Amino acid sequence: IFNGRPAQKGTMPWIAMLSHLNGQPFCGGSLLGTNWIVTAAHCLHQLLNPDDPIVHNSDLLTPSDFKIILGKHWRRRSDENEQHLMVKHIIIHPLYNPNTFENDVGLVELSKNAVLNDFVMPICLPEGPAQEGAVVIVSGWGKQFLQRFPETLMEIEIPIVDHRTCQEAYASLKKKVTGDMICAGEKEGGKDACAGDSGGPMMTLDRERGQWYLVGTVSWGEDCGKKDLYGVYSYIHHHRGWIQRVTGLRN
Amino acid sequence: LAHTVELNNMFGQLHSPGYPDSYPSDSEVTWNITVPEGFRIKLYFMHFDLESSYLCEYDYVKVETEDQVLATFCGRETTDTEQTPGQEVVRSPGSFMSITFRSDFSNEERFTGFDAHYMAVDVDECTEREDEELSCDHYCHNYIGGYYCSCRFGYLLHTDNRTCRVECSDNLFTQRTGMISSPDFPNPYPKSSECFYTIELEEGFMVSLQFEDIFDIEDHPEVPCPYDYIKIKAGTQVLGPFCGEKPPEPIKTQSHSIQILFHSDNSGENRGWKLSYRAAGNECPVLQPPVQGKIEPLQAKYSFKDQVLVSCDTGYKVLKDNVEMDTFQIECLKDGTWSNKIPTCKIADCRAPAELEHGLVTFSTRNNLTTYKSEIRYSCQQPYYKMLHNISGIYTCSAQGIWMNEVLGRSLPSCLPVCGLPKFSRKLMAR
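Written out as structure tokens, the structure is:
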């Protein structure tokens, strides 16, 4: 997270760390229900042949390749609130395109239910579209400025950007911002997600219900924190139907 | 000379010897005419001229059957003592007629005798036979040369081809009460019938019979029931025959198997009989309903085969050999004892409520009662779980011994994870 600040422990109990079995974190995710993690498809897919847009099963991670850690706050150190859970299934969006990052969303089913407590709690799925200009929070253990990794979970508060504005910003780079994506960040740059934050939550507060819901998951961008180059996220409202079909969950 | 002529044709002619000349004296001719059964003979004269004499003692023509003289003619004109046939037709009652012409030894003058013709004529048995013995029981159908009988629907023509009987040999009664009557009662019962009625009940029952209503069976003033009769067999005991108009007294048998034979011959128009029967077995002791329960039907007396159903008040279960059930049935046995003792009624107990995943249960009574109408409340592990549909979570022990919720019925509630409500709230977000 570029230009972020340490998150307060327990304020986003749904955040999950995807970590190799050797302890090396590589992505973020969010807890849905008690046994599903939503993350980015590209976290679960190893791009072996850039020229081949088709995702092959053989390119996917296997459930035994990594684990999920819930209730985590420190990036490296562990504490008593952490729950380390194995993976049962990996399901990425059927229309995921690794070259364009379209439909960059994936689901991980845990081998057993998480135990909910003050530091482990799911996030809600969106009831409706996000509003342009709404402030969202993005968090993760990804790289900071000067490529250093943080000690704790970091977060930024940024506004959602008009979709057309974002499209135009990336048009010059020949990068497409499609309807299943949503952008956020400052025009002048600065606050942004970065490598290692992928799959992590972009969330906002539903003031009527007083609940936090997931707006997006960290997906891609051009470099990190650059002026006019907003962070691009996988738009959860767009994928909600698929998520609910696969998980059977509802708010 | 006397001689006899046998005639068998369906028609023919006959005349005095020498006709149309005068007939000789001292002669006798007999013509025997026989036509087939079902026909009679019609005789008529075209010419008649005989010597006249008092009561035709000289010359005469006599027409007769086997057993009666139909007519004796003589003379030329009908007088008070002689009779000429004139236009009169003589008919035989049956299929035989004999005609004898006789002239004595002298004639005061020449008489030309007679010329007669005969023909066979169908007998319409259906309209002519009045006497009961020979008419059809139900329907009569005449045809040339004979007739036949038929019967109303439901009847069968007896082997006498005249009376109509019914098939009534397989009447089986297995109910504990019933009515039995002669066929078509109270209309006259069919003739030539053998009716069997069997009352077959389980051993242990004893059947009693009582005749009711009309009792009208053909009888005879001197001989006991030679025509129609009822006989009743109860086990080894045989009762009857009964007939006449006075019904037998009520009959209490000691048997569970009764055969009733009703015989009718081929005559008579009697209205028959009707009886009711009832089966009763040994009586069982009177029953007391269990506390908090009832028995149905509640009767002052119970007898063999009676069954009662024991049930309990709402909220209670029948407890029998430590098994709970809604109802329990007992039966009065042949020997007058009940198949089972009356069970007790135990208050319905819903027992320990099922555990709720991610939830817990609290009892509304201090001593954690689980019996009928007790209450418990399911709740979810807050704040992490919440009850689906926000139902009350209150369950009451129903009369069936099942924890019931007014919305979910007997299904348990579901605790769903609460989403988006962290305990640690963050500083307010920037606007």
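From first to last, the protein sequence lines stand for chains A and B. To get this note's numbering, take the position in the first sequence, counting from 1, and add 443. To get this note's numbering, take the position in the second sequence, counting from 1, and add 1. Backbone N, C-alpha and C fix where the C-beta goes; we use that ideal spot for every residue, glycine too. Please read these numbers as outputs of a predicted model, since none were measured by experiment.
CA-CA distance, Pro565 (chain A) and Phe544 (chain A)? If I take the Cα positions, the gap works out to 25 angstroms.
Count Cβ pairs between the segment 214 to 227 of chain B and the segment 324 to 336 of chain B that sit closer than 8 angstroms; are there 3 or more? By the Cβ criterion, the segment 214 to 227 of chain B is not in contact with the segment 324 to 336 of chain B, since fewer than three pairs of Cβ atoms, one from each stretch, lie closer than 8 angstroms.
Members of the segment 547 to 565 of chain A that neighbour chain B once the beta carbon cut-off is set at 7 angstroms: Those would be Leu559, Asn560, Asp561, Met564, Pro565, in chain order.
Cutoff 7 angstroms; reference His359 (chain B); Cβ partners in own chain excluding five residues on either side: Its chain contains Cys381, Gln382, Tyr386, Cys416 as the residues whose beta carbon lies nearer than 7 angstroms to that of His359 (chain B), once the 5 sequence neighbours on both sides are disregarded; these appear in chain order.
For Cys346 (chain B), collect the residues of the same chain with a Cβ closer than 8 angstroms to its Cβ; drop the 5 residues on either side in sequence, then sort them by chain order. Here the set comprises Pro291, Val292, Gln293, Gly294, Cys313, Asp314, Tyr317, Lys318, Val319, Leu320.
Would you mind working out which of A:Ile512, A:Met645, A:His516 sits nearest Ser462 (chain A), comparing C-alpha positions? Each of A:Ile512, A:Met645, A:His516 was checked against the Cα of Ser462 (chain A), and the nearest Cα belongs to A:Ile512.
Simplified DSSP state of Glu29 (chain B), which is helix, strand or coil: Annotated three-state conformation of Glu29 (chain B) is strand, per DSSP.
For Tyr55 (chain B), which of helix, strand or coil comes out of DSSP? Residue state, collapsed to three classes: helix.
Could you pull the start and end residues of the alpha helix (DSSP H) that Val689 (chain A) belongs to? That run of the alpha helix (DSSP H) goes 679 to 690.
Beta bridge counterpart(s) of Asn560 (chain A) as assigned by DSSP: Beta-bridge pairing links Asn560 (chain A) to A:Val563.
Going by other Cβ atoms of all chains shown within 10 Å of its Cβ, with 16 needed for buried, is Arg693 (chain A) buried or exposed? Here Arg693 (chain A) is exposed. Its C-beta has fewer than 16 other C-beta atoms within 10 Å.
Buried or exposed: Arg688 (chain A), going by 16 or more other Cβ atoms within 10 Å of its Cβ? Counting Cβ neighbours within 10 Å, Arg688 (chain A) comes out exposed, since fewer than 16 surround it.
Determine the chain B residues that contact Pro456 (chain A) at a beta-carbon separation under 7 angstroms, and present them in chain order. Here the neighbours are Pro423.
Verify whether the separation of the beta carbon atoms of Gln526 (chain A) and Val558 (chain A) is less than 9 angstroms. When the beta-carbon positions are compared, Gln526 (chain A) and Val558 (chain A) come within less than 9 angstroms of each other.
Give the residues of chain A in contact with Tyr386 (chain B), contact being defined as C-beta atoms less than 8 angstroms apart. At a beta-carbon threshold of 8 angstroms, the residues of chain A lying near Tyr386 (chain B) are Leu559, ordered along the chain.
Whole angstroms is fine: what's the gap from Ala484 (chain A)'s alpha carbon to Cys398 (chain B)'s? Cα to Cα, Ala484 (chain A) sits roughly 50 angstroms from Cys398 (chain B).
Can you give me the Cβ contacts of Phe186 (chain B) inside the same chain, cut-off strictly under 6 angstroms, excluding the 5 residues immediately before and after it? Cβ neighbours of Phe186 (chain B) beyond the five flanking positions: Gly273, Lys275.
So for Glu129 (chain B), helix, strand or coil by DSSP? DSSP places Glu129 (chain B) in helix when its eight states are reduced to three.
Could you give the residue range of the beta strand (DSSP E) that holds Arg378 (chain B)? Segment 376 to 381, the beta strand (DSSP E) holding Arg378 (chain B).
Compare the C-alpha of Arg352 (chain B) against each of B:Thr372, B:Pro344, B:Thr338, B:Thr254 and name the closest. Comparing Cα positions, the closest option is B:Thr372.
Would you say Pro414 (chain B) faces chain A, with C-beta separation under 9 angstroms as the test? Pro414 (chain B) does not count as touching chain A.
Whole-number beta carbon distance between Leu589 (chain A) and Glu665 (chain A), since they are thought to touch under 8 angstroms: With a beta-carbon spacing of about 18 angstroms, Glu665 (chain A) and Leu589 (chain A) fall beyond the 8 angstroms limit used to define contacts.
Chain B contact residues for Cys567 (chain A), given Cβ-Cβ distances below 7 angstroms: Going along chain B in sequence order, the residues near Cys567 (chain A) (Cβ under 7 angstroms) are Cys420, Gly421.
DSSP three-state assignment for Phe425 (chain B), whether helix, strand or coil: Coil at Phe425 (chain B), not helix or strand.
Where Cys333 (chain B) and Glu250 (chain B) are concerned, what is the direct C-alpha to C-alpha distance, given to the nearest angstrom? Approximately 30 angstroms between the Cα atoms of the pair.
Status (buried if at least 16 other CB within 10 Å, exposed otherwise) for Met47 (chain B): That one is exposed.
Run of the beta strand (DSSP E) containing Glu201 (chain B), from where it starts to where it stops: Unbroken beta strand (DSSP E) run through Glu201 (chain B): 194 to 201.
Here's the rule I'm using: 16 or more other beta-carbon atoms within 10 Å means buried, otherwise exposed. How should Ser265 (chain B) be labelled? Burial call: buried.
Determine the chain A residues that contact Arg427 (chain B) at a beta-carbon separation under 7 angstroms, and present them in chain order. Result: Gln451, Thr454.
For the segment 635 to 658 of chain A, enumerate the residues whose C-beta is nearer than 9 angstroms to any C-beta of chain B, in chain order. Across the segment 635 to 658 of chain A, CB contacts with chain B closer than 9 angstroms involve Met646, Thr647, Leu648, Asp649, Arg652, Gly653, Gln654, Trp655, Tyr656, Leu657, in sequence order along the chain.
By the three-class DSSP mapping on this structure, what secondary structure does Thr101 (chain B) have? The answer is strand: DSSP assigns Thr101 (chain B) an E or B state.
Can a CB atom of chain A be found closer than 9 angstroms to the CB of Gln382 (chain B)? At least one chain A Cβ lies under 9 angstroms of Gln382 (chain B).
Look up Ala484 (chain A) in the DSSP assignment and say whether it is helix, strand or coil. Three-state DSSP puts Ala484 (chain A) in a helix.
Which residues, taken in chain order from the segment 455 to 476 of chain A, show a beta carbon closer than 7 angstroms to some beta carbon of chain B? Residues of the segment 455 to 476 of chain A with a C-beta atom less than 7 angstroms from some C-beta of chain B are Met455, Pro456, Gly476, listed in chain order.
Tyr386 (chain B) (DSSP reduced to helix, strand or coil): In the structure shown, the three-state DSSP call for Tyr386 (chain B) is strand.
Any chance you could list the beta strand (DSSP E) runs of at least 3 consecutive residues sitting entirely within the segment 45 to 91 of chain B, in chain order? Assignment of beta strand (DSSP E) within the segment 45 to 91 of chain B, counting only whole runs of 3 or more residues, yields 61 to 65, 70 to 74 in chain order.
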